[in-house]
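Have a look at the structure below, then the notes.
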Amino acid sequence: MQRLNKRTWKIASLLLAGLMANSAQAATQPAFTAVQRETFAVPGSLSNAWADFDKDGDLDLAVSLKGGEVRLYRNDNGVFTNIGAAVGLPTTGKEVRGLSWGDFNGDGYLDLLGGSNVMPVDQNRSFVWKNEGGKRFVEVAAEIGLTIPGRISRQANWVDYDNDGQVDLYASNRAGPNQLFHNQGGVFSQVFAQAGITDGRPTVGSCWFDYNRDGKLDLFLANQSGATDALWRNDGAGFTDVAPSLGLAAPGRKPEEGGVGCAIGDYDNDGDFDIFVAVYGANLLYHNNGDGSFTEVGKAAGVDDAGHAVAASWGDYDNDGYLDLFVTGYEGEGGKQTPLDLLYHNNGKGGFDQILTRDSLLNAGDHGVEWVDYDRDGALDLSVMRGYSPVGGHFLFHNDLAGPAKGRSLSVLVLDARGRYTRAGAEVRLYDRAGKVLASRLVSTGGGYNAQSAAPVHFGLKSFDRVTVEVSFMTNDGVKKKTVRNVDLKMFSRKALVIREDGGSKQTSAR
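Under the working numbering, the letters of the sequence shown match residues 8 to 518, in that order.
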């Protein structure tokens with residue numbers, strides 16, 4: 008018999024573990040409670056994005072609605088009040104399909120981008136609401152070059168694709184070419200207009216991460232209407248689609264099938280980031296083999312349910328040290344759709360158990376989804392959007408995790424050297440005392456449904472043992488790492504460990 012190499016053994020072991028996991032007894036239903044149900048029960052809710060817009064320490068919630076309203080709920084110690092109209096956000100107008108938070112002008116306050124979804128196509132545009140000191144928002148898209156006319160908006164990513172320290176913008180388009188805009192002092196101009204990353208396929212989901220660990224952010228695209236998906240490798244001077252050669256393109260789709268949302272996470276805690284794709288069709292999970300290649304393991308891992316999946320978000324809701332996965336979707340005829348959501352509990356053996364029932368409180372969303380610890384109690388809460396029916400809402404569910412597990416977590420807020428939230432795509436890893444990687448998280452570059460939140464990354468952990476935290480920042484001089492040793496979880500109860508970028512590798516101790 009031919010000897011199997013190390014990589015083949017790893018893949019075989021992963022698949023076997025997944026198959027064994029699928030036969031195991033499912034995890035129990037988690038305990039969640041609805042928050043301000045009447046306040047949030049607004050039909051036509053599409054995208055949800057979280058950020059601390061006023062720098063008071065609480066994450067606030069932005070929501071886009073079909074009628075053109077953009078709501079902004081200020082979080083005051085866990086109580087939410089809609090102040091959107093009072094701070095200058097629209098109450099009517101073109102339907103806004105996506106929302107993304109990012110500090111485009113580097114003033115330390117997070118700005119908000121939204122894009123429209125109307126017919127005819129040429130009536131579409133994007134909006135940028137500049138945050139003026141956490142007190143009001145002013146629409147400035149025209150003056151900074153980001154109206155993006157004719158774009159049927161889907162995901163938009165505030166990312167620093169060229170590692171020059173300024174936040175650029177990638178704008179996905181459901182009905183035309185995507186566009187990448189370079190930031191020069193707060194004014195934007197399109198780049199690579201004739202190159203491949205200006206992808207003409209109908210894109211809904213776009214996720215940036217450094218798949219090959221060369222210090223440059225690459226781009227995965229989930230494409231609709233029978234189109235193949237893409238993975239645009241960032242070569243510095245340009246981009247190359249390596250999805251076909253890496254087995255990530257998903258060819259052979261029917262016209263009604265396609266990728267919708269993508270979610271990046273290290274679900275098996277090996278230090279490498281994997282890709283989940285929510286699909287009209289069978290969902291996909293690409294395991295990162297750590298050598299620049301991927302293996303599709305959706306069926307073996309138990310996450311290949313077929314239907315109309317829209318969006319996905321990774322989050323360790325039970326603080327056991329492994330990322331779980333929530334997927335929003337729907338079933339039924341047009342105008343009468345009902346949610347059909349999935350909650351995959353990670354069993355820690357390479358596989359997942361789908362534990363959500365149709366009558367579950369959490370089976371409430373058909374579009375946006377974000378895990379967020381809105382009340383800073385150490386347990387991830389769930390935020391979902393329902394927009395495809397006469398009834399609906401932007402529902403928030405509090406995680407009622409009890410006992411020691413509730414506090415067995417660590418939140419890490421990654422900032423640049425000036426204390427600004429501009430390092431989307433930075434990587435955060437935890438290590439135990441022996442130097443073994445415990446878990447990895449990506450500072451969000453976008454996800455859920457056409458949304459980009461700006462929040463700390465969350466780690467659930469198996470124990471209260473002290474850990475080492477390592478952040479990998481991408482720069483033009485390569486990857487720069489900052490390490491904080493001897494981190495005591497109990498010292499960061501109800502607050503985040505803040506790690507700022509500096510000029511090179513640095514090690515400190517948390518006391």
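Note that CB positions come from ideal geometry on N, CA and C, so glycine has one too.
Own chain partners of Ile362 with C-beta closer than 7 Å, once the 5 adjacent residues on each side are dropped: Ala33, Ala34, Gln36, Leu350 and His352
As assigned by DSSP and simplified to three states, the class of Glu263: coil
Coil, strand or helix - Ala148 by DSSP: helix
First through last residue of the alpha helix (DSSP H) which encompasses Lys306: Gly305 to Ala308
Classification of Glu76 by the beta-carbon crowding that lies within 10 angstroms, buried from 16 upward: buried
Through-space distance from Asn296 to Leu11, alpha-carbon basis: Unreliable positioning characterises Leu11 in this predicted model, as indicated by a pLDDT of 40, which lies under 50. The coordinate reading is nonetheless provided below. For Leu11 and Asn296, the distance between alpha carbons rounds to 15 Å.
Ala250: first and last residue of the uninterrupted alpha helix (DSSP H) it sits in: Ala250 to Leu253
Rounded separation between Ser52 and Leu72 - CA only: 5 Å
8 Å Cβ shell around Asp311 - same chain, five flanking residues per side excluded: Ala289, Asn290, Leu291, Leu292 and Gly305
Segments of 3+ residues assigned as beta strand (DSSP E) that fall wholly inside the region 365-395: 376-379 and 388-393
Chain-order list of residues whose beta-carbon lies under 7 Å from that of Leu255 (same chain, five-residue window excluded): Asp236, Leu238, Tyr293 and Phe301
Length of the line joining the Cα atoms of His465 and Gly272: 12 Å
Residue closest to Glu150, alpha-carbon to alpha-carbon, out of Gly74, Gly193 and Pro397: Gly193
Glu340 - containing beta strand (DSSP E), residue span: From DSSP, Glu340 is part of no beta strand (DSSP E); its letter is neither H nor E.
Whole-angstrom distance between Ile282 and Lys223, CA atom to CA atom: 17 Å
Selected residue, minimal CA-CA separation from Ala371, among Gly358, Val334, Asp382 and Tyr381: Val334
Beta-carbon gap between Ser123 and Ala163 smaller than 8 Å: no
Assigned exposure category for Val103 - 16 Cβ within 10 Å defines buried: buried
3 or more residues per run - each beta strand (DSSP E) lying fully within the region 382-467: 388-393, 400-406, 416-422, 434-438, 444-449 and 464-467
Ala31 to Gly455 span [Cα, whole Å]: The predicted position of Ala31 is uncertain, since its pLDDT is 38 and thus under 50; a value taken from the coordinates is nonetheless stated next. Rounded to whole angstroms, Ala31 to Gly455 spans 29 Å at the Cα level.
First through last residue of the alpha helix (DSSP H) which encompasses Phe60: No alpha helix (DSSP H) holds Phe60; DSSP gives it neither H nor E.
Where Gln7 falls, given that 16 or more other Cβ within 10 Å makes a residue buried: The first residue shown for the chain is 8 and the last is 518, placing residue 7 beyond what the model contains.
Segments of 3+ residues assigned as beta strand (DSSP E) that fall wholly inside the region 193-257: 194-198, 210-216, 225-230, 237-241 and 246-248
Backbone CA spacing between Phe87 and Thr40 [nearest angstrom]: 15 Å
Cβ neighbour criterion (16 or more within 10 Å) applied to Arg393: buried
Candidates Gly64, Arg430, Tyr116 and Pro262, of which the one nearest Lys488 by Cα: Arg430
Endpoints, the beta strand (DSSP E) within which Glu477 is located: Val474 to Thr482
Cβ pair Ala229, Gly207 closer than 8 Å: no
Buried or exposed by the 16-neighbour rule on C-beta atoms within 10 Å, applied to Met481: buried
Given Gln344 as reference, the closest of His374, Ser320, Thr364 and Asp325 once Cα atoms are compared: His374
Beta-carbon proximity of Gln593 to Gly266, cut-off 8 Å: The question about residue 593 has no answer here: the residues shown for the chain are numbered 8 through 518.
Inter-stretch contact (C-beta, 8 Å, three-pair minimum) for the region 411-418 and the region 316-326: yes
Buried versus exposed, by CB contacts within 10 Å (16 or more), Arg44: exposed
Buried or exposed (CB count within 10 angstroms, at least 16 for buried), Pro346: buried
Cβ separation of Arg158 and Ser133, assumed to be a contact under 8 Å, to the nearest whole Å: 6 Å
Residue closest to Ala257, alpha-carbon to alpha-carbon, out of Val286, Gly203 and Asn55: Val286
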